[in-house]
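A.B. asks: Chains A and B are the protein sequences, given in the same order.
Numbering-wise (UniProt numbering), the first sequence opens with residue 1 and increments by one.
Numbering-wise (UniProt numbering), the second sequence opens with residue 1 and increments by one.
Take this structure, written in structure tokens, and hold onto it; I'll ask about it next.
There are 2 protein chains.
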Amino acid sequence: MSGHRELTVELGERTYPIYIGEGLLDEAGKLFAQRGISKKSPLMIVTDANVARRHLDRLASVLTEEGFTVVTAIVPAGENSKSLAELERLIGIALEHGLDRKSAIVALGGGVVGDLAGFVAASFMRGVKFVQVPTTILAHDSSVGGKVAVNHPLAKNIIGAFHQPELVLYDLKTLQTLPEREVKAGLSEVVKHGLIWDADFVQWCDDNAEKLTALEPDTLGYALYKGCSVKAAVVSKDERENDLRAILNLGHTIGHALEAVAGYGELLHGEAISIGMVGAAKLAVRLGAPEEVYQVTKRVLSRVGLPVRLPEHLNTDDIMRAMMHDKKFQEGTMVFIVPTAIGAVEINKSVSSSLIREIVEQLKQEAVIG
Amino acid sequence: MSGHRELTVELGERTYPIYIGEGLLDEAGKLFAQRGISKKSPLMIVTDANVARRHLDRLASVLTEEGFTVVTAIVPAGENSKSLAELERLIGIALEHGLDRKSAIVALGGGVVGDLAGFVAASFMRGVKFVQVPTTILAHDSSVGGKVAVNHPLAKNIIGAFHQPELVLYDLKTLQTLPEREVKAGLSEVVKHGLIWDADFVQWCDDNAEKLTALEPDTLGYALYKGCSVKAAVVSKDERENDLRAILNLGHTIGHALEAVAGYGELLHGEAISIGMVGAAKLAVRLGAPEEVYQVTKRVLSRVGLPVRLPEHLNTDDIMRAMMHDKKFQEGTMVFIVPTAIGAVEINKSVSSSLIREIVEQLKQEAVIG
Numbered sequence: 001m002s003g004h005r006e007l008t009v010e011l012g013e014r015t016y017p018i019y020i021g022e023g024l025l026d027e028a029g030k031l032f033a034q035r036g037i038s039k040k041s042p043l044m045i046v047t048d049a050n051v052a053r054r055h056l057d058r059l060a061s062v063l064t065e066e067g068f069t070v071v072t073a074i075v076p077a078g079e080n081s082k083s084l085a086e087l088e089r090l091i092g093i094a095l096e097h098g099l100d101r102k103s104a105i106v107a108l109g110g111g112v113v114g115d116l117a118g119f120v121a122a123s124f125m126r127g128v129k130f131v132q133v134p135t136t137i138l139a140h141d142s143s144v145g146g147k148v149a150v151n152h153p154l155a156k157n158i159i160g161a162f163h164q165p166e167l168v169l170y171d172l173k174t175l176q177t178l179p180e181r182e183v184k185a186g187l188s189e190v191v192k193h194g195l196i197w198d199a200d201f202v203q204w205c206d207d208n209a210e211k212l213t214a215l216e217p218d219t220l221g222y223a224l225y226k227g228c229s230v231k232a233a234v235v236s237k238d239e240r241e242n243d244l245r246a247i248l249n250l251g252h253t254i255g256h257a258l259e260a261v262a263g264y265g266e267l268l269h270g271e272a273i274s275i276g277m278v279g280a281a282k283l284a285v286r287l288g289a290p291e292e293v294y295q296v297t298k299r300v301l302s303r304v305g306l307p308v309r310l311p312e313h314l315n316t317d318d319i320m321r322a323m324m325h326d327k328k329f330q331e332g333t334m335v336f337i338v339p340t341a342i343g344a345v346e347i348n349k350s351v352s353s354s355l356i357r358e359i360v361e362q363l364k365q366e367a368v369i370g
Numbered sequence: 001m002s003g004h005r006e007l008t009v010e011l012g013e014r015t016y017p018i019y020i021g022e023g024l025l026d027e028a029g030k031l032f033a034q035r036g037i038s039k040k041s042p043l044m045i046v047t048d049a050n051v052a053r054r055h056l057d058r059l060a061s062v063l064t065e066e067g068f069t070v071v072t073a074i075v076p077a078g079e080n081s082k083s084l085a086e087l088e089r090l091i092g093i094a095l096e097h098g099l100d101r102k103s104a105i106v107a108l109g110g111g112v113v114g115d116l117a118g119f120v121a122a123s124f125m126r127g128v129k130f131v132q133v134p135t136t137i138l139a140h141d142s143s144v145g146g147k148v149a150v151n152h153p154l155a156k157n158i159i160g161a162f163h164q165p166e167l168v169l170y171d172l173k174t175l176q177t178l179p180e181r182e183v184k185a186g187l188s189e190v191v192k193h194g195l196i197w198d199a200d201f202v203q204w205c206d207d208n209a210e211k212l213t214a215l216e217p218d219t220l221g222y223a224l225y226k227g228c229s230v231k232a233a234v235v236s237k238d239e240r241e242n243d244l245r246a247i248l249n250l251g252h253t254i255g256h257a258l259e260a261v262a263g264y265g266e267l268l269h270g271e272a273i274s275i276g277m278v279g280a281a282k283l284a285v286r287l288g289a290p291e292e293v294y295q296v297t298k299r300v301l302s303r304v305g306l307p308v309r310l311p312e313h314l315n316t317d318d319i320m321r322a323m324m325h326d327k328k329f330q331e332g333t334m335v336f337i338v339p340t341a342i343g344a345v346e347i348n349k350s351v352s353s354s355l356i357r358e359i360v361e362q363l364k365q366e367a368v369i370g
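See below:
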């Protein structure tokens with residue numbers, strides 16, 4: 001386990017470690033045992049069909065060799081698996097294979113698998129242990145903080161819980177097979193964690209953009225370590241999303257609206273958030289922040305290969321409506337996470353919606369940095 | 001609100017009050033407001049078709065008059081409503097009516113409604129406020145302790161959470177319309193709370209059995225107050241069911257097996273538990289407890305009109321199998337909650353299953369006290 005990084009999410013009696021390193025899947029058995037995952041009760045690995053092909057056999061055999069009883073459950077890849085129907089099916093598998101209150105649920109995959117398996121862990125027998133083994137860059141975000149959920153036909157992530165994992169195990173090797181577009185989209189939340197909290201890290205992302213997109217292991221390991229650290233710091237101070245945790249939504253108000261209007265698929269989540277963060281930076285400057293906030297935000301996102309311009313064919317009225325709907329804004333003003341400098345944001349509760357409309361229009365004209 | 005009783009369930013920051021009294025529904029508005037239920041966000045009352053006819057209009061209008069925005073949702077009466085499908089439907093209603101993170105879910109009804117609405121409250125937007133307004137005697141048990149759940153086709157109560165209410169509001173008037181058999185079955189858990197914790201209260205039940213079954217308001221109010229108090233004391237010491245909370249299962253090992261073998265309907269839960277408690281008392285004497293444990297247990301249960309003899313046509317092998325299945329016992333021995341005296345129990349982890357079989361056989365021969 002040489003060269004791996006470790007950090008701790010401080011949450012009182014729910015404190016847990018995150019391990020990041022190359023080849024860590026091979027160490028899963030020892031790390032699970034160290035963290036008190038039971039060998040007497042079966043554990044269940046939940047993964048999707050794509051990830052299963054690449055990594056399931058390896059994880060299952062490492063754990064079996066270490067003496068764990070392993071049950072596996074495969075869900076279809078994609079957001080549609082985050083449903084109550086899939087939850088019921090997975091709990092059926094757990095029951096048929098004799099999982100009990102001492103069992104653990106292991107999420108092997110990206111955000112969808114983490115959210116779904118996490119809610120299985122939160123609700124099966126009113127809560128059993130949970131382990132996250134993320135296999136995407138984006139999942140560095142969702143694997144810290146304990147937010148788990150499935151979707152309702154009328155709204156995403158609306159049925160869920162806060163359920164912290166016992167440990168998070170990040171094997172950098174599993175990221176090497178990600179499609180390039182997904183890599184870049186995943187870096188969006190990494191950069192976001194710099195923008196809200198740590199100017200030095202933003203500078204570092206700027207300097208190391210090429211190595212990052214090339215998935216150079218040590219560079220990527222450091223970036224994930226820093227991203228998880230910021231998220232962990234924020235979550236430690238506000239586990240249940242009462243106030244501070246809202247800063248993690250930088251870029252998400254515009255971003256969610258873009259995803260909804262474009263239809264899922266045209267814009268990946270990370271891409272939409274990237275455009276949203278450029279919008280928030282433009283807004284910041286209009287509200288008095290130094291011009292540098294906008295320049296740096298746009299440059300670093302461009303350098304990691306993310307879009308900074310809003311696709312022109314998306315209708316501004318539709319975008320505004322989606323924003324209003326998403327957050328139930330009071331008429332006339334909106335709550336927005338707004339940068340005050342690079343590495344610092346504030347929650348502004350009275351941004352006028354007409355100003356947002358202007359920003360959205362300008363984002364369509366945004367010059368792309370070559 | 002003259003003559004009402006109040007007790008507090010001590011759970012640190014999740015501490016909440018239970019109000020018990022005649023006509024308390026009329027005070028719901030004030031009590032909800034005192035406990036911080038929001039008037040700005042809509043609240044949703046969940047109830048079943050039977051309870052809705054009797055009490056929904058009254059509760060809804062009291063709350064509306066006090067300035068709350070009230071949404072109502074009615075589920076079919078009966079255990080089948082404790083399903084993920086019903087959960088999804090209720091959350092759909094909540095979304096359509098604009099419930100948000102500050103909203104509360106109110107359970108108006110018995111155990112089924114409390115369990116279902118409680119899991120809606122636990123999982124909607126990862127947890128919103130919850131209020132219990134129980135309308136059965138049995139619900140005094142389920143309304144304390146925060147265990148909420150729905151059923152899976154393969155197992156009861158297997159998908160759920162621990163989610164404490166903000167308050168419990170027990171209007172004794174709502175109990176006056178209960179069928180006699182349900183009244184008696186509900187008293188089973190009341191007596192159980194005496195048997196595990198409070199010999200004086202067992203004596204009191206013995207002395208007041210007639211008034212209890214006649215639903216004499218002050219007598220019933222005191223019984224529910226005492227029953228809730230014992231449950232609250234146990235739960236305060238062991239919120240997540242790690243050890244002590246197991247004593248609440250007195251009579252339930254045999255009881256659950258009888259329910260499963262008889263098929264739901266033949267034996268009500270409270271009736272099956274009553275027979276189970278007589279069995280536990282017989283077992284206790286065999287293991288060295290004073291004969292009085294058995295005599296008193298049987299007498300007080302008989303006096304409140306509960307069955308103490310196991311229906312002869314139920315097959316002993318089936319009952320034993322159901323017990324083994326329910327708790328995944330090690331072969332040869334079983335975990336049992338066993339009285340050591342009236343008002344005291346212990347968790348015995350090595351009762352031989354052959355002894356249990358003997359007890360089950362004897363329970364079929366039990367003389368019924370006239």
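Beta carbons: idealized from backbone N, C-alpha and C, even for Gly.
1. What does the alpha-carbon distance come out to for the pair residue 410 of chain B and B/M277?
2. On a Cα-Cα basis, can you pick out the residue from B/V300, B/N249, B/S61 that is closest to B/V308?
3. Are the beta-carbon atoms belonging to B/I247 and B/I337 less than 8 Å from one another?
4. Can you list, in chain order, the residues of its chain whose CB lies under 6 Å from that of A/T64, leaving out five sequence neighbours each side?
5. At least one CB of chain A closer than 8 Å to the CB of B/K82: is that the case?
6. Can you find the residues in the same chain that come closer than 8 Å, C-beta to C-beta, to A/P290, ignoring five residues on each side of it along the sequence?
7. Tell me whether A/L229 sits in a helix, a strand or coil according to DSSP, three-state version.
8. Counting only Cβ pairs nearer than 7 Å, list the residues of chain B close to A/E88.
9. I'd like to know if the stretch 104 to 121 of chain A and the stretch 133 to 144 of chain A are in contact, where contact means that at least 3 CB-CB pairs between them fall below 8 Å.
10. Closer than 8 Å, CB to CB, is A/L95 near chain B or not?
11. Pop quiz: A/L95 and B/A149 are said to be a contact at Cβ under 8 Å. What is the actual Cβ separation, rounded to whole angstroms?
12. Along chain B, in chain order, which residues have C-beta atoms closer than 8 Å to that of A/A149?
13. What would DSSP say about B/G160, mapped onto helix, strand or coil?
14. Is the stretch 199 to 219 of chain B touching the stretch 232 to 248 of chain B, taking contact as three or more C-beta pairs under 8 Å?
15. Between A/Y294 and A/L306, what straight-line distance do the alpha-carbon atoms span, to the nearest angstrom?
16. Compute the Euclidean distance between the alpha carbons of B/V75 and B/A28, then round it to the nearest angstrom.
17. On the three-state DSSP scale, how would you describe B/Q362?
18. Let me see if you follow: with CB-CB separation under 8 Å, is B/S61 close to chain A or not?
19. Rounded to whole angstroms, what's the CA-CA distance from A/P179 to A/P217? Just pull it up for me.
20. Please determine, among B/L250, B/R126, B/T135, the residue with the shortest C-alpha to C-alpha distance to A/A161.
21. For A/G279, which residues of its own chain have a beta-carbon under 6 Å away from its beta-carbon, when the five flanking residues on both sides are left out?
22. Where does B/S2 fall in DSSP's three states?
23. Are any of the Cβ atoms in chain A nearer than 8 Å to that of B/G36?
24. In chain order, what residues of the same chain lie with their CB nearer than 7 Å to the CB of A/I91, ignoring the 5 residues before and after it?
25. Would you report the Cα separation of A/I347 and A/V335, rounded to the nearest angstrom?
26. Below 8 Å on the Cβ atoms is my guess for A/H4 versus A/L24; work out the distance and round it to an integer in Å.
27. How about A/L169 and A/Y19: are their beta carbons less than 8 Å apart?
28. Using only alpha-carbon positions, find the residue among B/V191, B/G78, B/G288, B/G251 that is nearest to B/N50.
29. So with CB distances below 9 Å, who are the chain B contacts of A/G12?
30. Does A/H152 come out as helix, strand or coil in the three-state DSSP assignment?
C.D. replies: In terms of the structure at hand:
1. Limits of chain B in this structure are 1 at one end and 370 at the other, which puts residue 410 of chain B out of reach.
2. In the second sequence, counting from the first residue as 1, residue 308 of chain B sits at position 308. Closest option to B/V308, Cα to Cα, is B/V300.
3. The residue you call residue 247 of chain B lines up with position 247 of the second sequence. The residue you call residue 337 of chain B lines up with position 337 of the second sequence. Cβ atoms of B/I247 and B/I337: closer than 8 Å.
4. Taking the first residue of the first sequence as position 1, residue 64 of chain A is located at position 64. Hits under 6 Å: V70.
5. The sequence position of residue 82 of chain B within the second sequence is 82, counting from 1. Not one beta carbon of chain A lies nearer than 8 Å to the beta carbon of B/K82.
6. On the first sequence, residue 290 of chain A is found 290 positions in, with the first residue counted as 1. Correct list, in chain order: A341.
7. Residue mapping note: residue 229 of chain A aligns to position 229 of the first sequence, counting from 1. Sequence check: residue 229 of chain A is Ser here, not Leu. Residue state, collapsed to three classes: helix.
8. If you number the first sequence from 1, residue 88 of chain A lands on position 88. L84, H152, listed in chain order.
9. The stretch 104 to 121 of chain A vs the stretch 133 to 144 of chain A: in contact.
10. Residue 95 of chain A sits at position 95 when you count from the first residue of the first sequence. Chain B has a Cβ within less than 8 Å of the Cβ of A/L95.
11. The residue you call residue 95 of chain A lines up with position 95 of the first sequence. The residue you call residue 149 of chain B lines up with position 149 of the second sequence. That belief does not hold up - the Cβ atoms of A/L95 and B/A149 are roughly 14 Å apart, past 8 Å.
12. Residue mapping note: residue 149 of chain A aligns to position 149 of the first sequence, counting from 1. Correct list: R126.
13. For the purposes of this step, residue 160 of chain B is taken as the residue at position 160 of the second sequence. Residue state, collapsed to three classes: strand.
14. no
15. Here residue 294 of chain A refers to the residue found at position 294 of the first sequence. Here residue 306 of chain A refers to the residue found at position 306 of the first sequence. Cα to Cα, A/Y294 sits roughly 15 Å from A/L306.
16. Residue mapping note: residue 75 of chain B aligns to position 75 of the second sequence, counting from 1. Residue mapping note: residue 28 of chain B aligns to position 28 of the second sequence, counting from 1. The straight-line gap from Cα to Cα measures roughly 22 Å.
17. Position 362 of the second sequence, counted from the start, is the residue given in the question as residue 362 of chain B. Helix.
18. Working through the second sequence from its first residue, we reach residue 61 of chain B at position 61. Not a single C-beta of chain A is nearer than 8 Å to the C-beta of B/S61.
19. In the first sequence, counting from the first residue as 1, residue 179 of chain A sits at position 179. In the first sequence, counting from the first residue as 1, residue 217 of chain A sits at position 217. Distance between the alpha carbons of A/P179 and A/P217 is about 16 Å.
20. Sequence index remark: in the first sequence, residue 161 of chain A carries index 161 (1-based). Per the Cα distances, B/R126.
21. Your numbering for residue 279 of chain A matches position 279 in the first sequence. Only I254, I359, L363 meet the Cβ criterion.
22. If you number the second sequence from 1, residue 2 of chain B lands on position 2. Only weak support exists for where B/S2 lies, its pLDDT of 47 falling under 50; the value from the coordinates is given anyway. Three-state result, B/S2: coil.
23. Reading the second sequence from its first residue, position 36 is the one you call residue 36 of chain B. Not one chain A Cβ lies under 8 Å of B/G36.
24. On the first sequence, position 91 is the one that residue 91 of chain A refers to. These residues qualify, in order along the chain: V120, F124.
25. The count along the first sequence starts at 1 and reaches residue 347 of chain A at position 347. The count along the first sequence starts at 1 and reaches residue 335 of chain A at position 335. The alpha-carbon atoms of A/I347 and A/V335 are separated by roughly 7 Å.
26. In the first sequence, counting from the first residue as 1, residue 4 of chain A sits at position 4. In the first sequence, counting from the first residue as 1, residue 24 of chain A sits at position 24. Indeed, because the Cβ distance is near 6 Å, the residues count as touching under 8 Å.
27. Residue mapping note: residue 169 of chain A aligns to position 169 of the first sequence, counting from 1. Residue mapping note: residue 19 of chain A aligns to position 19 of the first sequence, counting from 1. Yes.
28. The residue labelled residue 50 of chain B in the question sits at position 50 within the second sequence. The shortest Cα separation from B/N50 among B/V191, B/G78, B/G288, B/G251 belongs to B/G78.
29. In the first sequence, counting from the first residue as 1, residue 12 of chain A sits at position 12. Under the 9 Å cutoff, chain B gives no residues; its nearest Cβ is about 12 Å from A/G12.
30. The residue you call residue 152 of chain A lines up with position 152 of the first sequence. In the structure shown, A/H152 sits in a strand (DSSP, three-state: E or B).
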